[in-house]
Every structure is written in structure tokens, then in C-alpha cells.
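Chemist: 1 is the number of the first residue of the sequence shown in the UniProt record's numbering; add one for each residue after it.
Sharing a structure below in C-alpha cells format, with a few things to ask.
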Amino acid sequence: MTTLSRLYFSNTAIAILGMYSILLPTSSAFLLRARPFPSPAATSTWSRCFLSSSSTPAAPKKVLVPVADGSEEIESVTIVDVLVRAGAAVTVASVMPSASTATLPSPWQVTCSRGVKLVADKGIDDCLGEEWDLIACPGGLPGAEHLRDSPALLTLLQRQDKAERLVAAICASPAVVLQAHGFLTGKRATCFPAERFVSSLARYEDGVEGVVEDGHVVTSRGPGTTLCFALTLVDRLYGRAKAVEVAKGLLVDYPGKRN
Numbered sequence: 001m002t003t004l005s006r007l008y009f010s011n012t013a014i015a016i017l018g019m020y021s022i023l024l025p026t027s028s029a030f031l032l033r034a035r036p037f038p039s040p041a042a043t044s045t046w047s048r049c050f051l052s053s054s055s056t057p058a059a060p061k062k063v064l065v066p067v068a069d070g071s072e073e074i075e076s077v078t079i080v081d082v083l084v085r086a087g088a089a090v091t092v093a094s095v096m097p098s099a100s101t102a103t104l105p106s107p108w109q110v111t112c113s114r115g116v117k118l119v120a121d122k123g124i125d126d127c128l129g130e131e132w133d134l135i136a137c138p139g140g141l142p143g144a145e146h147l148r149d150s151p152a153l154l155t156l157l158q159r160q161d162k163a164e165r166l167v168a169a170i171c172a173s174p175a176v177v178l179q180a181h182g183f184l185t186g187k188r189a190t191c192f193p194a195e196r197f198v199s200s201l202a203r204y205e206d207g208v209e210g211v212v213e214d215g216h217v218v219t220s221r222g223p224g225t226t227l228c229f230a231l232t233l234v235d236r237l238y239g240r241a242k243a244v245e246v247a248k249g250l251l252v253d254y255p256g257k258r259n
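In C-alpha cells form, the structure reads like this:
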């Protein structure tokens, strides 16, 4: 038998095969002869090397952004854009009935409040079988009303709230969606500063840079506060350092002050 002197393996394979003498008989079949397991003194070092070489990167955070006809376009796009920059896997889901592709380029195209057309990734019903690290609702009318009236989105929000995973809403949606379904009971929140929305919130606040955080619920006021809102969501998912990094690339400051 001839000992193989040079073999090229991945780091993981080397870590495993390092426990064996690898011999090649004349028949060309591999024979593995077990070596003694590393001594107790060396075991912790060997284990760290093995685990380090075989570890895989953490999966990106999963974010759901529901949209509808009449959603506010600045809010919708900014939320998606900033979270993608942070590394999140963002799914845009339409709560509208599937449209005919004979008249639209996609069954999930929506027309936003100022006429901008967005194409969602899928319908909201297709999101029911997944868990989300964050569900973020843009505002706009009648978009927020469509979000409020979606049974599938309500189910997702109820699951999210029960598990105390992040729920976020901006503009009209804190009042029209979250408050309407009881997700703001006992919580501080903000929304678009119109009397019909503000009066519906029992603990309304303007917030810091137009953002209010209370537990796992984050709310914000409107289009002009969306960037700080989205960066706050990055902070909650990935930490302040990542939020500051993303903000720097956008040429803005991120205050990141908790309230």
C-alpha cells in the first residue's frame, strides 16, 4: 500500500479526513484506517477549527411589505430599498385580487396613490405558509384600507403580534390597519397628522424624527419620515451599526434614539 501524500479537499473534508490514515492498495480502492481521536487537551481546539470551517452564513432576515392599489409610493419603495440595502430578503405582496395578464403585465401589479405602478412578487395568500421577521405596512389611501380589509394579512399580523415579532406601519396605516385590529392597544404610536387618524390613537406621540417604538411595534408619520422609519427597522433587525452604515451610503444621518 502507498500512503497518499497529497490530497486536495475542502476545509471540512480535511477536518474529517484528518482523523484517518488514507491508504491506497493496489486495487485502487480507498481504505480508511482510523487514527486515535485527538487528546482531551487538543479536542477543544480541533472542535473549534472544525466548526469554524463548516459554519454557514446566517440567513437574511425575512421581511414582508404588503401593498395595494392606493398605497403610498414613496413609503412602499423606500421601505423595500433600505431593507434590501441592509441585506434583508424582502417580499412585496399584493393584497388585491389577482388581475388578468391580458390587461396587465403581471397579475400582481398595483397602482399607487399618485399613479405609480408597482409589481409585487406574489399575492398575500401565498405568504401565509411562511414566518416573517418583520411585516411593514406602507400608508396611503385607499391602500391602507385595502390592507385593513385583507383577511390573509390580518392572519399574518395576528401571528406576528402573538409571537412578538416586529410589526411596523406608517402614515395612515397605524390608525387604519393596526389600531382598527387592536394591535396598538396600550401602546404609544404615531401616524399621519390628520385629525381623523390622530384621534383614533389613544397614546399618540409625534416621536423622534417622526418614529415611535413601543415593544415590537414601530410606527411613523408619513412620506417625509420614511427614511428614518426604514433605518429604524434596519436597527431593530440588524443593530445600530448596520443602520448607521446604510445611512452613510444614503448620505443621511441616523439618530437612532429610542423613545
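Even glycine gets a Cβ: it sits at the ideal position worked out from N, Cα and C.
1) Could you tell me the distance, in whole angstroms, from the CA atom of G215 to the CA atom of Y238?
2) Under three-state DSSP, which class holds C112?
3) How is D121 classed by DSSP in three states: helix, strand or coil?
4) Go ahead and pull the three-state DSSP assignment for V144.
5) Do three or more CB pairs link the stretch 157-167 to the stretch 177-189 at distances below 8 Å?
6) Starting from the C-beta of A89, find all residues in its chain whose C-beta is less than 6 Å away, skip the five residues before and the five after it, and write them out in chain order.
7) Measuring CB atoms only, is the stretch 170-177 touching the stretch 234-248, in the sense that at least three cross pairs come out at less than 8 Å?
8) In whole angstroms, what separates the C-alpha of P255 from that of T103?
9) Going by the DSSP bridge assignment, what does D149 pair with across the sheet?
10) Buried or exposed: L32, going by 16 or more other Cβ atoms within 10 Å of its Cβ?
11) Under three-state DSSP, which class holds D253?
12) For V211, which residues from the same chain have a beta carbon less than 6 Å from its beta carbon, with the 5 sequence-adjacent residues on both sides left out?
13) Spatial neighbours of A144 within its chain, please: C-beta separation below 6 Å, excluding the five flanking residues on both sides.
14) Relative to the C-alpha of E205, which candidate in E195, V80, T78, C191 has its C-alpha closest?
15) In whole angstroms, what separates the C-alpha of P121 from that of G87?
16) Considering only their Cβ atoms, is the gap separating A93 from C137 smaller than 7 Å?
17) At what residues does the beta strand (DSSP E) containing S200 begin and finish?
18) Excluding five sequence neighbours on each side, which residues of the same chain lie with their C-beta closer than 6 Å to the C-beta of G139?
19) Put A180 into one of helix, strand or coil per three-state DSSP.
20) Short of 6 Å in beta carbon distance, which residues of its chain neighbour S10, apart from the five on each side in sequence? Order them along the chain.
21) What number of angstroms, rounded off, separates the C-alpha of R85 from the C-alpha of A202?
22) Strictly under 7 Å for the Cβ-Cβ distance: is A175 near chain B by that measure?
23) Alpha carbon to alpha carbon, how far is L154 from P36? Give it in angstroms, no decimals.
Modeler: For this structure:
1) Here residue 215 is taken as the residue at index 215 of the sequence shown, counted from 1. Here residue 238 is taken as the residue at index 238 of the sequence shown, counted from 1. About 16 Å.
2) Within the sequence shown, numbered from 1, the residue matching residue 112 stands at position 112. In this structure, C112 counts as coil in the three-state DSSP scheme.
3) Taking the first residue of the sequence shown as 1, we reach residue 121 at position 121. Coil, per DSSP.
4) On the sequence shown, residue 144 is found 144 positions in, with the first residue counted as 1. Note that residue 144 is Ala in the sequence shown here, rather than Val. It is helical.
5) Yes: the two stretches touch, three or more of their Cβ pairs being nearer than 8 Å.
6) Sequence index remark: in the sequence shown, residue 89 carries index 89 (1-based). Within the same chain, A89 has close Cβ partners P60, K62.
7) The stretch 170-177 is not in contact with the stretch 234-248.
8) Stepping through the sequence shown from its first residue, residue 255 is reached at position 255. Stepping through the sequence shown from its first residue, residue 103 is reached at position 103. Distance between the alpha carbons of P255 and T103: 45 Å.
9) The residue given as residue 149 occupies position 149 in the sequence shown. Answer by DSSP bridge pairing: none, since D149 is not bridged.
10) Residue numbering aside, residue 32 sits at position 32 when the sequence shown is read from its first letter. Confidence in L32 is poor, its pLDDT being 33 and thus under 50, which makes the residue's placement unreliable; the coordinate value appears in the next sentence. Exposed, since its Cβ has fewer than 16 Cβ neighbours within 10 Å.
11) Here residue 253 refers to the residue found at position 253 when the sequence shown is read from its first residue. Note: D253 maps to coil in three-state DSSP.
12) In the sequence shown, counting from the first residue as 1, residue 211 sits at position 211. Answer for V211: S220, C228, F229, T232, listed in chain order.
13) As a working note, residue 144 is residue 144 in the sequence shown. Non-local C-beta neighbours of A144 in its own chain, meaning closer than 6 Å and more than five positions away in sequence, comprise A172, S173, V176, V177, ordered along the chain.
14) Along the sequence shown, one-based indexing puts residue 205 at 205. For the set E195, V80, T78, C191, the Cα lying nearest the Cα of E205 is the one of C191.
15) Position 121 of the sequence shown, counted from the start, is the residue given in the question as residue 121. Position 87 of the sequence shown, counted from the start, is the residue given in the question as residue 87. It should be pointed out that residue 121 corresponds to Asp in this sequence rather than to Pro. So the two alpha carbons sit approximately 17 Å from each other.
16) The residue given as residue 137 occupies position 137 in the sequence shown. The residue given as residue 93 occupies position 93 in the sequence shown. No, the pair does not count as a contact, with Cβ atoms beyond the cut-off.
17) The residue labelled residue 200 in the question sits at position 200 within the sequence shown. Secondary structure note for S200: it is in no beta strand (DSSP E), with a DSSP letter that is neither H nor E.
18) In the sequence shown, counting from the first residue as 1, residue 139 sits at position 139. Non-local C-beta neighbours of G139 in its own chain, meaning closer than 6 Å and more than five positions away in sequence, comprise E72, E75, I170, C171, A172, S173, ordered along the chain.
19) Here the question's residue 180 lines up with position 180 in the sequence shown. It is coil, neither helix nor strand.
20) As a working note, residue 10 is residue 10 in the sequence shown. Because S10 sits at a pLDDT of 38, beneath the cut-off of 50, its placement in the model cannot be relied upon, and the following sentence gives the value as read from the coordinates. Apart from sequence neighbours up to five positions away, no residue of its chain approaches S10 with a beta-carbon distance below 6 Å.
21) The sequence position of residue 85 within the sequence shown is 85, counting from 1. The sequence position of residue 202 within the sequence shown is 202, counting from 1. Rounded to whole angstroms, R85 to A202 spans 35 Å at the Cα level.
22) Chain labels in this structure do not include chain B; a single protein chain is all it has.
23) Here the question's residue 36 lines up with position 36 in the sequence shown. Here the question's residue 154 lines up with position 154 in the sequence shown. Because P36 sits at a pLDDT of 39, beneath the cut-off of 50, its placement in the model cannot be relied upon, and the following sentence gives the value as read from the coordinates. About 58 Å.
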